[in-house]
Amino acid sequence: MKNQKSNWYLDVVILLGFLVSFFLNLTGLAVHQWLGVAVFLGIMFHLVNHWDWVKSVFSNFFGKASGRARLYALIDGLLLYGFVMIIETGLVISTWFNLNLSNYEVWLEIHIYSSIATLLLAVLKVGLHWRWIVKTAAKIFTPAPKLNPQVLNPVPQASTVSRRDFLVTMGLVGLGSAIAISNVLPSLKKVDASSTVAQNTENTATTAATQAEPTATSTQAQAVTSVPTDASTAIPTATAQPTALPTATSAPVASNSLVCYASCPKGRHCSFPGQCGRYTDSNSNGLCDLGECS
Ligand code: HEM
Ligand code: HEM
């Protein structure tokens, strides 16, 4: 029983940590990264707690394991795969390694999509285990009955679960997950848009490189690809210039003479040390190239 209670607490902590990881805007990136790693370690601990079950199901997977056990094993396998993807992509885009990625948006997209898919699987798993969750919660939170010395062998109360318990459990978990997912949808749209723009820019660069004089090819292609373009206004590549006009960059106001490279998916205009892993400052003016004007 003690084991069940500690498992219950661990399951709740993992789920809450996982949900909070969707609120990067509230936690900030530093906390987000550590929290993500902590959730992953919690999952590993959770897996170790169930290792006997894993061994017995996998050794009998094509034998006497029940259909339900196989389904659980499949969902657990997919969940594990999802968490490995989240951590792997998270580490690649993290500020810890600060890798110089040309396809940052693609990694971030995979990071977000795998987070959403894994969360949906986790909700499904909670749905499959709702009876255990409710019964264990009842044991934890219902105070033990006072022992009457005259009744030496009290009859244990059968703990029953009702449809209402199911609705409350799934309502809470479902609502939390829906809020978490809707919180990242705007970022996802922006990342989608900027990765499309990045792809188009790459294609344009390739065309420009092919059409250019043979001697100038590589320099021109580099100049075009190194400039972030605006996702919404799609600045023609002909106007693209390196972000090296320090006098104008301090004023992020749009005017005819200014070109805004507002391709930051978060619409930020951040200054050193930057608020996200995409912070780059090629002209060393203390402002992120993705949010500045020149
Ligand atoms: C947010 C993520 C997760 C939540 C909320 C969660 C929740 C649960 C719950 C409520 C149970 C049944 C009760 C118990 O803990 O004894 C369980 C069992 C189990 N979990 Fe998880 N789990 C999660 C992720 C994972 C992952 C990634 C794995 C990796 C392989 C995993 C492996 C298992 C295993 C092997 C069992 C026992 C068999 C089963 O009933 O599925 N869980 N989990
Ligand atoms: C439970 C695990 C995790 C989940 C569910 C998760 C989920 C997310 C989500 C939904 C976003 C997009 C948020 C937004 O734009 O509003 C994001 C961004 C990000 N995550 Fe994670 N993450 C997890 C773990 C990690 C880990 C372990 C790291 C690195 C060590 C990491 C690094 C990042 C970075 C660098 C960003 C991008 C920030 C930006 O460019 O704006 N994440 N994550």
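In this text, residue positions in the sequence shown follow the numbering used here: the first is 1143, and each later residue adds one.
Cβ atoms here follow ideal geometry from the backbone N, Cα and C, with glycine treated the same way.
None of these values were measured; they are calculated from a predicted model.
**Request:** Tell me whether Ser1236 counts as near ligand 2, meaning its Cβ is closer than 7 Å to at least one heavy atom of that ligand.
**Result:** Position 94 of the sequence shown, counting from 1, holds the residue named residue 1236. At least one heavy atom of ligand 2 is nearer than 7 Å to the Cβ of Ser1236, so yes.
**Asked** Given a threshold of 16 other Cβ atoms within 10 Å of its Cβ, counted over all protein chains shown, does Ser1424 qualify as buried or as exposed?
**Response** Translated into the one-based positions of the sequence shown, residue 1424 becomes position 282. Only exposed fits Ser1424, as fewer than 16 other CB atoms lie within 10 angstroms of its CB.
**Prompt:** Should Ile1254 be listed as close to ligand 2, given that the test is whether its C-beta is under 7 Å from any heavy atom?
**Reply:** Sequence index remark: in the sequence shown, residue 1254 carries index 112 (1-based). Ile1254 Cβ: within cutoff of ligand 2.
**Item:** C-alpha gap between Thr1237 and Cys1430, whole angstroms
**Value:** Position 95 of the sequence shown, counted from the first residue, corresponds to residue 1237. Position 288 of the sequence shown, counted from the first residue, corresponds to residue 1430. Between Thr1237 and Cys1430, the C-alpha separation is close to 14 Å.
**Prompt:** Looking at the structure shown, is Ser1148 part of a helix, part of a strand, or coil, going by DSSP?
**Reply:** The residue labelled residue 1148 in the question sits at position 6 within the sequence shown. Helix.
**Message:** Using the Cβ count rule (16 or more neighbours within 10 Å means buried), how would you classify Thr1284?
**Reply:** By 1-based counting over the sequence shown, the position of residue 1284 is 142. Burial call: exposed.
**Item:** Per DSSP, the bridge partner or partners of Ser1413
**Value:** Along the sequence shown, one-based indexing puts residue 1413 at 271. Ser1413 is bridged to Leu1429.
**Other residues of its chain near Val1155: CB distance less than 7 Å, five sequence neighbours each side excluded** = The sequence position of residue 1155 within the sequence shown is 13, counting from 1. Here the set comprises Gly1184.
**Message:** Assuming contact is defined by CB atoms lying nearer than 8 Å, are Ala1322 and Leu1161 in contact in what I supplied?
**Reply:** What you label residue 1322 is simply residue 180 of the sequence shown in a count that begins at 1. What you label residue 1161 is simply residue 19 of the sequence shown in a count that begins at 1. In contact: Ala1322 and Leu1161 (Cβ atoms closer than 8 Å).
**Asked** Mapping DSSP to helix, strand and coil, what is Lys1206?
**Response** In the sequence shown, counting from the first residue as 1, residue 1206 sits at position 64. In this structure, DSSP gives Lys1206 a state outside helix and strand, which the three-state scheme calls coil.
**Item:** Under 8 Å between C-beta atoms of Phe1165 and Asn1325
**Value:** Taking the sequence shown and counting its residues from 1, the one referred to as residue 1165 is at position 23. Taking the sequence shown and counting its residues from 1, the one referred to as residue 1325 is at position 183. Between Phe1165 and Asn1325, the C-beta gap is smaller than 8 Å, which places the two residues in contact.
**Message:** Is any non-hydrogen atom of ligand 2 found closer than 7 Å to the C-beta of Ile1228, if you look at the structure I gave you?
**Reply:** If you number the sequence shown from 1, residue 1228 lands on position 86. Within the cutoff, so yes.
**Asked** Is the beta carbon of Ile1235 sitting closer than 8 Å to the one on Leu1330?
**Response** If you number the sequence shown from 1, residue 1235 lands on position 93. If you number the sequence shown from 1, residue 1330 lands on position 188. Going by C-beta atoms, Ile1235 is not nearer than 8 Å to Leu1330.
**ligand 2 heavy atom lying under 7 Å from the CB of Ser1413** = As a working note, residue 1413 is residue 271 in the sequence shown. Ser1413 has its CB no nearer than 7 Å to any heavy atom of ligand 2.
**Request:** Could you tell me the distance, in whole angstroms, from the CA atom of Thr1311 to the CA atom of Trp1274?
**Result:** The residue labelled residue 1311 in the question sits at position 169 within the sequence shown. The residue labelled residue 1274 in the question sits at position 132 within the sequence shown. Going by C-alpha positions, Thr1311 is about 11 Å away from Trp1274.
**Prompt:** Should Ser1244 be labelled buried (16 or more other beta-carbon atoms within 10 Å of its own) or exposed?
**Reply:** Counted from its first residue, the sequence shown places residue 1244 at position 102. Under a 10 Å Cβ-count criterion, Ser1244 is classified as exposed, with fewer than 16 other Cβ atoms of the shown protein chains found around its own Cβ.
**Asked** What did DSSP end up calling Val1303 once you bin it into helix, strand or coil?
**Response** Position 161 of the sequence shown, counted from the first residue, corresponds to residue 1303. When secondary structure is reduced to three states using DSSP, Val1303 falls in the coil class, being assigned neither helix nor strand.
**Message:** I need the boundaries of the alpha helix (DSSP H) containing Glu1251, first residue and last residue.
**Reply:** Locating residue 1251 in the sequence shown gives position 109, counting from the first residue. Element bounds for Glu1251: Tyr1246 to Leu1270.
**Message:** Looking at Leu1270: is its Cβ nearer than 8 Å to the Cβ of Tyr1214?
**Reply:** For the purposes of this step, residue 1270 is taken as residue 128 along the sequence shown, with counting starting at 1. For the purposes of this step, residue 1214 is taken as residue 72 along the sequence shown, with counting starting at 1. Yes, the Cβ-Cβ distance between Leu1270 and Tyr1214 is below 8 Å.
**Asked** Nearest CA to the CA of Val1226: which residue from Gly1159, Val1179 and Phe1203?
**Response** As a position in the sequence shown, residue 1226 is number 84, starting the count at 1. Measuring from the Cα of Val1226, the nearest candidate turns out to be Val1179.
**Request:** Taking only the alpha-carbon atoms, compute the straight-line gap between Ser1413 and Trp1249 and give it to the nearest angstrom.
**Result:** By 1-based counting over the sequence shown, the position of residue 1413 is 271. By 1-based counting over the sequence shown, the position of residue 1249 is 107. Taking the straight line from one Cα to the other gives about 23 Å.
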